[in-house]
Amino acid sequence: MSFTVAIDGPAAAGKGTISKAVARHFGFAHLDTGLLYRAVGKRVLDGEDAVAAARSLRAEDLEVLGLRTPKVAQAASKVAVEPEVREALVDFQRAFAARAGGAVLDGRDIGTVICPEAAVKLFVTASPEVRAVRRHKELLETGHDAGYDSVLADVRARDERDRTRATAPLKPADDAVTIDTSHMTIEAAVAAAVAMVNKVRGA
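So in this note's numbering, the last spot in the sequence shown is 241, and the numbers never skip.
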């Protein structure tokens, strides 16, 4: 029997970390849907058409090296505003969500568009400044030279693109529970998410 957990939120809010931890805790499968857009973005940078890349995307494309670079992140954010790209990736995500044994999907439109009937919907957020600090630290640790101010500007620009795009804009589902991680430890945020899943499952 399938049990879907939808976790949405802006970049660097902690949704990926929380999603992986929740999936591990319950033994559910996990899909970082942002990787789908990064994979398409990477193929666009390599010269392919965005829509064609999205329609021919395969699971192994998510294993390609270099999907976490700032350049690919920018490309992903840009292709994600294209309605045809989003439409092409819907079936991939819904098939994953329907798998037996439970699934956790994290992204920006899981609870609103991809899995509106998800058993649990969470919206993980944090202030732009806190998210920029996290992203800046992450970039420095992976060898990317970036100033905090430019990272903050990038975070705000991505937020604006995500919130104002015509198709599947970033917003919490009406019945989503918001977890603001601005002043939370990872452990506390994960515990809050696990508690919500347990509550719905009647544990």
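We treat Cβ as the ideally placed atom computed from N, Cα and C, and that holds for glycine. This one's a predicted model, so the numbers in the text were calculated from it and none came from an experiment.
Next item on the list: Following the continuous alpha helix (DSSP H) through G54, name the residue where it begins and the one where it ends.
Entry: 53-64
Next item on the list: For the region 201-221 and the region 176-192, state whether three or more C-beta atom pairs, one from each stretch, are separated by less than 8 angstroms.
Entry: no
Check: For T219, which of helix, strand or coil comes out of DSSP?
Finding: coil
Next item on the list: State the DSSP-derived secondary structure class of V142, mapped to helix, strand or coil.
Entry: strand
Next item on the list: Tell me where the alpha helix (DSSP H) around T202 begins and ends.
Entry: 186-202
Checklist line | For A141 and S57, the rounded distance between their alpha carbons | finding: 10 angstroms
Notebook entry, point to check: To the nearest angstrom, how far is it from the Cα of E225 to the Cα of I45?
Noted result: 17 angstroms
Checklist line | Stretch pair the region 51-68 + the region 108-121: three plus CB contacts closer than 8 angstroms | finding: no
Notebook entry, point to check: What residue range is occupied by the uninterrupted beta strand (DSSP E) comprising V158?
Noted result: 158-163
Next item on the list: State yes or no: is the C-beta of A113 within less than 8 angstroms of the C-beta of G72?
Entry: no
Next item on the list: Report the option in S165, V89, P166 whose CA atom is closest to the CA atom of E122.
Entry: V89
Next item on the list: Could you tell me which residues DSSP puts in a beta bridge with L69?
Entry: L143
Next item on the list: Going by DSSP, name the residue or residues bridged to D46.
Entry: G145, F161
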